[in-house]
Structure formats: structure tokens, C-alpha cells
Ligand code: HEM
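Protein chains in written order, with this note's numbering: chain A, 102 to 284; chain B, 44 to 677.
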């Protein structure tokens, strides 16, 4: 059959569209964070603050690592290196797992005060979405690693998912870790 | 013209075996074919429309005379809330997406949607969300915060019972289902059009579904986010909207209308797509100014995102912003006008057959223009302050929603009925149903404009005699009765025609788009030989000369190239050149099981059964893995 592979398979198009909507849900939370800050007296209020700066930095590092490994897996798939792809998938799963734990701790750190003020609630929400995205990244990478799958489309889905994670994490980090502190 | 050679009987049999759903109840539960799923959306949405209609009937019965006692104040709040909610969330959008799911693949020469299992999942999620909302009637805790559910009224303090939880969780599921459907439709349109169907040759209905899909992907997330926040506030006391904890109820209003205003156009744009299809077919000529209509639809889609604040003119918005939003609200009249002039010019210069779908379209144009005029009136902030929350607004949005959306939907149901059933619906009863509905609609809703001027507020369960409102209310309620009769006649007509109508053949209306090249009803695989398009009106234009490569591909795909392979052509986005052959997933029970797990998780949250919710949540993960996990290393 006179047909060749496309740069972006249909599954990637689906992910792109789904990713737009997921990012838009998260974007609505980010909008909420800033909208509420404009009406509030102090944001964050006295005695409350963003989650640990160290965890924030570590998470940012893991995002870069995971996204890098996913991109590597994608390239290795094209090269047909099964062992390399599997290692990259396993690495991405580990990075995602560690980041999921860190962001879950971020959520947990905000919960005790969340009923008193909107700030910790919104911060927990923003991190909750990212934590769920990390969790999903683990599941995707794990399934690919276990099933020993090296199709280009599948690796593209994983790489795309990590791109989405970056899109979710960057505004979260900027709003919570940077903007909250310069207030 | 298309190249749709017939293929051999053997090839058809093999294709049918490959693309058919399994037989029996298992087959029904595991089905993923776009026609089955699309039709399920259409039928279920029609059913919900009837429920919403019964609630509308109750409202009008209560308002027929002053101090009537059909509904008390609480029940009235519940009934108008559920009426609005059902019509907006359970009827209009799913109905239009369902039509898109059924017809878009046929219109663009594809065999199915790109993610068939996801599509089935979307339907089951829609059903689950709908059932959660309906369940509220059984429990007696019916949502009563209006279709836009403003906090703080809907927060834990003022709406302590479960009613609003049904609303928030049900609506969230419905919106996720809407996104899933939109994703399918956008990808199929961009990537799976028949070779040669460039963007500029795409039917207007397909354009309208593409734009609707894009809008859904961007607009629905806002209400999902808003609803999640409100549900968290209600369940756990996090004060997102509660000013005592530095929350702000205006956040809901912004997020809701970022969704809510485009929502109106999410319904209107595909409805006008139907209108363009019907006008073209029954005027028997190509639509006048096709490029302008595409530009107008696109402009409406973009502008509609800039309009949300006009629902909030009365909350105290800075003057400059007010002026800008007023102008943007009025601007949208221009592209809407372009469409209306295109239809009128097509009708004027064509040889019109006034069959039933065309009558519904004519009725639509009249009512839509009236609704548009009152729309421009309320887009002016000072006028809006006068009629805000009065029956003038109720009249305006029913002119837009019923006239602008329901009439085209009825046109579509009549127009495409032969494709579904293989039989042409009766004309006499069809025309009668239109006239009864048209008269009934206007008698029901025109007087409400005057009620608004006379100061009758919306959402108030009764009124005193002597305010000068009796006559208009009586007329409005009687008109509703006539309208209902018209809908019943329409339904009887279709029910009778399904078994006794004239045999349709592939193209009973001599229409121009590809769905009419397939048999009626279409086989599971839609087309034996995949169509190739050389003109904007493929069935009206002379045949295309196929190049070698295209001929080789379409010939090869007259049968699966591997046993059981569901193959579909992928083409380039702009000029629809063949790029590859993709393989689609087949029937599976996992979409249903996963959607069921989501529904159970929601029920768990609803009734505070947290263990159940967590277990069902885990079930969702298991379901997704089982559904998506690749079966074999490739
Ligand atoms: C049989 C036809 C219909 C009748 C007689 C009818 C009647 C009414 C009436 C009288 C109200 C106002 C209640 C009040 O504010 O006191 C209302 C509200 C509403 N209707 Fe309809 N309606 C019909 C069809 C539709 C359709 C087809 C749609 C949408 C596609 C729709 C959407 C709404 C909405 C969104 C509300 C506002 C509910 C709220 O205030 O929260 N209606 N309807």
C-alpha cells in the first residue's frame, strides 16, 4: 500500500485535543487563584503560605527529567531500540511516581487550613490536578513498559502527556511558588 | 462527483463482517460503531427533551391563571431549574453532537470515528450523568438553584440538601461526555476526510460541527472546574465562593458564563449548519457565498467567547468594560446577518421545494431573526437593566433556543430520517406538525415579551390578579398546549413512516453531500469503495479523475488488508491528501464498564459513601488500563 507514517498519528491528535481541555480545566483553576487574590485582603493570608519551596524545585526537576525521558523513548522508538525504549519508559514511570508523591504532599500540606480560607483550597486544587496527571503518566509508562510496546504512536502519547504535565506545572509553580512569595 | 464503485458482493460481505457489532445483547453493550452511538445520542436526547417538555408544561399550567396551585414555590423552583438544565445539558448539545457523530463520518467519506471506544464511553457517561440528574426526582431532593446554579444560593449554607450535588456531579459527567464527543468529531474532520475534500469543499454542516467541537473543547472545561469547586465547597467546606473565607461568588459567575455564553452558540452553530444543508438541498442549488458563511461561522465562534460578561451587566462592571462587552454583543449580529442573507439569496435564486424540512427552516429563519433583534436589544446595558430577570428575557431566549435550535433539529430529524430508516417520512403530517408547532410557539412565547414590559419577573411561581398579566399568561399557556400537539403529530408521523413510509433509496431528496451516496440505512462500513471528492457538491458535480496512487489505495481498501482490520484513510488537514491507513479499535465492553465505574464513584460522592467512591475510582483506573492496554507487542 502506498502509504507512509504521519508525523502525528491520530492518537496524538486525540491527545492534543484532550490535553487542550485538561489544560483549560486547570487554567480555570489558575484563573480562580488570581481572581480570588484580587478581592482578598492578603493572598496568602497571615500565617498561611505556599507549600515547601524545596519540594517545588524538586518537582520542577522531575518534570524536566520525565519529559526528557519520554522524549528520549520516542526517539529510540524511531530507531527501533527495544531495550532503550523500555529503560526510558521505566525511568519516566519512576520520575512520574516521585513527582506524584511530592505534589500529593503539597496537597496534604494545604488541607488542614483549607476550610478557613480560599488560598490553601486553590493551592491544593492546582497541585491536585498536577498530581493526578503525574499518576496517569506512571500508569501509561508502566503499561508500555510491561507490555513491551514500541509503537511510535504509543511513545508519542507518553511524550505528549509529559508535555501536558509541563503545561500544567509551569503556571502552578509560577502562581504558587513565585507569585505567592513576591506578594 | 464521487468515485463510489460498488465492489463485489464478496468484498461487501467481508467488510460487513469486519465492521459489524456483535449480535445480541452483548453486541449492543459492546457496540462502538459511530452510527449506533450517534443514534443512541439522538434517541436519548429526544427522550430527555420530552421530560424537559413535560416540566415546561407544568410551569405553564401553574402560570395559566393567577394564584394557581399546581406547583408550590419550592416545587416551582425545582421544575424550572430541571427544565432549563435538561434542555441545555441533556437535550440540545447531545442531540447535535449525536447528529454529528452519525452523519459527519458519512458526509466526509469515512468509515467510523477515530476513537470508537472513546465514543461509546462518551455515550455511557452521558447516560450515567443523565440518570444521576433524573434520580433526584425519585429522592425528592431536586436541584432548585436555577440552570446556572449561582452560589451563594447553591452553597452549603443556603442549599443544604442533596439537590445541588445531583446537579453538580451530573453536569460534570455530561460535560466530560460532551468533550469526548467533540474530540472525536474534531479529529475525524481534520484527519479523515475523503481524498480531495479540501477544507474549502467541506459541507457547511461539517464546518459547523468542527467549530462546535473546538468551542466545546475550550468552553466546557470552565464549568467542569466551577462545578468541581462548588462540590468541594459543599462537601468539605473549602470556601471558594464563600466571602467569609475570602472566596468570591463572582468567580462562579465568570466561570459559568465563560462556558454559558459560548454554550448558546455551541447549540446555534450546528443548528445553522443543518439549516444550510437543508436550504441547499431544497433550493436545489449551491449555497450562495459559501466562503462568507464559513467566515461568518468562524467569527461567531470566536466572538462568542468575548461575550460572557453581558450576562453580568447588572452586577456592577466598570464602565469601559461594559461598553466593550456591549459592542461585542452587538457585533455578533453581523456574521449572523451574513448567514441569514446567504440563506435568503439561496432560496431566492433557487427552485425551492417546500417540503417539511424546508418549512421548519423557514420557520427557524423568521423566529431566529426575531430572537436576534431582541438579543441586540438586551445587549445594550441600559435596556438590559430594565428587563433584567423579567419574562422579556424568557421570551428572548426561547426565541433563540426553541426557534434557533429546536426548529432546525426537527428539520434535521425529518431530513435525515430516510438515511436512518430507509423510508421517507409522510409529507402531509410533517407539514401539519410544522404549522401547528409554528403557531403554537408564537402564541406561547410572543406574549411573554409584553409580560416582561409589564414587569412580570421570571422564576416567580405565581402572580396576583389585576396586574394586567392574565391575558398574556393565558395565551402563553394555551400556545404551549398547541406546541405540544405539534410535537406529538411530528412523533406520530415518524413512528408511522418508520414502517409504512415510501422506500427511500440512497438519495430521496436529490441532495449533494456524501451521506446520500451510501445506502439507506448505510451498511456498517459506510462505503464499499471509499469516495474521492472533486467538488464542493460531490453528488451534483461530474466525476473525478483519480490519480494512480489514490486509485490503488481506494481499490485496496475495498476489503480489509488483514483479517478483521478496521481500516480508515487518514488525510492531510487542509487539502485532504492521503497520508496513511489507520486501524481502528473494535467492539469492547470496557467503555461501558469504565463509565459505570465513574457513575458509581459519583454516586459514592453524592451519598457520602467514600469507600465506595474510592473503590469505584480504582475501578475506573483498572477499566482504563484494560481498555487501552495494547494486546500484543508491536
Ligand atoms: C415546550 C416548550 C417550552 C416551554 C413552554 C418553555 C417554558 C419555559 C418557561 C415558562 C420558563 C420560565 C420559568 C420562569 O422563569 O419562571 C422557562 C425557562 C427556561 N427554559 Fe424553557 N420552555 C420550553 C422549551 C425550552 C427549550 C427547547 C429550551 C432550551 C433548548 C429551554 C430552556 C429554558 C431555560 C434555560 C430556562 C431558564 C431556567 C432557569 O431560569 O433556570 N426551554 N421555559
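The beta carbon of each residue, even a glycine, is placed where N, CA and C say it ideally should be.
Just so you know, these numbers come straight off a predicted model, no measurement behind them.
Contact with chain A by residue i, beta-carbon distance below 8 Å
{"i": "residue 84 (chain B)", "result": "no"}
{"i": "residue 550 (chain B)", "result": "no"}
{"i": "residue 157 (chain B)", "result": "yes"}
{"i": "residue 297 (chain B)", "result": "yes"}
{"i": "residue 668 (chain B)", "result": "yes"}
{"i": "residue 625 (chain B)", "result": "yes"}
{"i": "residue 154 (chain B)", "result": "no"}
{"i": "residue 337 (chain B)", "result": "no"}
{"i": "residue 662 (chain B)", "result": "no"}
{"i": "residue 291 (chain B)", "result": "yes"}
{"i": "residue 136 (chain B)", "result": "no"}
{"i": "residue 577 (chain B)", "result": "no"}
{"i": "residue 230 (chain B)", "result": "yes"}
{"i": "residue 267 (chain B)", "result": "yes"}
Residue i: first and last residue of the uninterrupted beta strand (DSSP E) it sits in
{"i": "residue 622 (chain B)", "result": "621 to 627"}
{"i": "residue 678 (chain B)", "result": "Only positions 44 to 677 of chain B appear in the structure, and residue 678 (chain B) is not among them; the question remains open."}
{"i": "residue 612 (chain B)", "result": "609 to 614"}
Other residues of its chain near residue i: CB distance less than 7 Å, five sequence neighbours each side excluded
{"i": "residue 139 (chain A)", "result": "none"}
{"i": "residue 659 (chain B)", "result": "640, 643, 644, 647"}
{"i": "residue 190 (chain B)", "result": "124, 127, 128, 131"}
{"i": "residue 268 (chain B)", "result": "298"}
{"i": "residue 684 (chain B)", "result": "Since the first residue shown for chain B is 44 and the last is 677, residue 684 (chain B) is missing from the structure and cannot be characterised."}
{"i": "residue 107 (chain B)", "result": "516, 517, 520"}
{"i": "residue 244 (chain B)", "result": "576, 578, 579"}
{"i": "residue 206 (chain A)", "result": "156"}
Neighbour flag for residue i against chain B, beta carbons, 8 Å
{"i": "residue 224 (chain A)", "result": "no"}
{"i": "residue 273 (chain A)", "result": "no"}
{"i": "residue 129 (chain A)", "result": "yes"}
{"i": "residue 103 (chain A)", "result": "Low per-residue confidence applies at residue 103 (chain A): pLDDT is 34, beneath 50, and the placement is therefore not dependable, though the value from the model is reported in the following sentence. Closer than 8 Å: yes."}
{"i": "residue 218 (chain A)", "result": "yes"}
{"i": "residue 137 (chain A)", "result": "yes"}
{"i": "residue 188 (chain A)", "result": "no"}
{"i": "residue 277 (chain A)", "result": "no"}
{"i": "residue 248 (chain A)", "result": "yes"}
Beta-carbon proximity list for residue i, same chain, < 8 Å, skipping 5 on both sides
{"i": "residue 276 (chain A)", "result": "131, 134, 135, 227"}
{"i": "residue 684 (chain B)", "result": "Residue 684 (chain B) lies beyond the residue range present for chain B, which begins at 44 and ends at 677; the question has no answer from this structure."}
{"i": "residue 335 (chain B)", "result": "381, 385"}
Opening and closing residue of the alpha helix (DSSP H) in which residue i lies
{"i": "residue 117 (chain B)", "result": "116 to 128"}
{"i": "residue 458 (chain B)", "result": "450 to 464"}
{"i": "residue 129 (chain A)", "result": "111 to 140"}
{"i": "residue 278 (chain A)", "result": "Here residue 278 (chain A) belongs to no alpha helix (DSSP H), and DSSP marks it neither H nor E."}
{"i": "residue 598 (chain B)", "result": "591 to 599"}
{"i": "residue 416 (chain B)", "result": "399 to 422"}
{"i": "residue 337 (chain B)", "result": "333 to 347"}
{"i": "residue 208 (chain B)", "result": "206 to 234"}
{"i": "residue 315 (chain B)", "result": "292 to 326"}
{"i": "residue 145 (chain B)", "result": "136 to 150"}
{"i": "residue 572 (chain B)", "result": "Unbroken run through residue 572 (chain B): none, as it is neither H nor E."}
{"i": "residue 220 (chain A)", "result": "219 to 248"}
{"i": "residue 190 (chain A)", "result": "183 to 211"}
{"i": "residue 633 (chain B)", "result": "633 to 649"}
{"i": "residue 166 (chain B)", "result": "159 to 182"}
{"i": "residue 479 (chain B)", "result": "470 to 496"}
{"i": "residue 70 (chain B)", "result": "67 to 73"}
Cβ-heavy atom distance, residue i to the ligand GDP, below 7 Å
{"i": "residue 112 (chain B)", "result": "This structure does not include the ligand GDP; its bound ligands are the ligand HEM."}
Amino acids of chain E, ordered along the chain, whose beta-carbon sits closer than 8 Å to that of residue i
{"i": "residue 279 (chain B)", "result": "This model lacks chain E altogether; the protein chains it does include are A and B."}
Cutoff 6 Å; reference residue i; Cβ partners in own chain excluding five residues on either side
{"i": "residue 260 (chain A)", "result": "171, 172, 175"}
{"i": "residue 222 (chain A)", "result": "215"}
{"i": "residue 199 (chain B)", "result": "277"}
{"i": "residue 34 (chain B)", "result": "The question about residue 34 (chain B) has no answer here: the residues shown for chain B are numbered 44 through 677."}
- Would you check if there are 3 or more beta carbon pairs closer than 8 Å linking the region 277 to 288 of chain B to the region 238 to 258 of chain B? Inter-segment contact for the region 277 to 288 of chain B and the region 238 to 258 of chain B is absent: fewer than three beta-carbon pairs are separated by less than 8 Å.
- Message: Under 8 Å: do the region 196 to 213 of chain A and the region 117 to 126 of chain A share three or more Cβ pairs, one atom per stretch?
- Response: In short, these stretches do not touch, since the Cβ pair count stays below three.
- Query: Using 8 Å as the threshold, is the region 390 to 406 of chain B in touch with the region 319 to 328 of chain B, meaning 3 or more CB pairs across them?
  - Reply: Yes: at least three Cβ pairs fall under 8 Å.
- How do the region 255 to 269 of chain A and the region 586 to 599 of chain B stand: do at least 3 beta-carbon pairs fall below 8 Å, yes or no? No, because fewer than three Cβ pairs between the region 255 to 269 of chain A and the region 586 to 599 of chain B fall closer than 8 Å, the two stretches do not touch.
- Evaluate contact between the region 148 to 159 of chain B and the region 560 to 577 of chain B, counting only Cβ atoms and requiring at least three cross-stretch pairs below 8 Å. Because the criterion of three Cβ pairs below 8 Å is met, the region 148 to 159 of chain B and the region 560 to 577 of chain B touch.
- Message: Closer than 8 Å is the cut-off here; do at least three beta carbon pairs connect the region 467 to 480 of chain B with the region 396 to 414 of chain B?
- Response: The region 467 to 480 of chain B, when compared against the region 396 to 414 of chain B, does touch it at the 8 Å Cβ threshold.
- Message: I want to know whether the region 64 to 73 of chain B touches the region 139 to 146 of chain B - three or more CB-CB distances under 8 Å.
- Response: With the cut-off at 8 Å, the region 64 to 73 of chain B and the region 139 to 146 of chain B do not touch.
- Message: Taking contact to mean 3 or more Cβ pairs, one atom from each stretch, closer than 8 Å, check whether the region 539 to 554 of chain B and the region 452 to 468 of chain B are in contact.
- Response: Contact holds: three or more Cβ-Cβ distances are below 8 Å.
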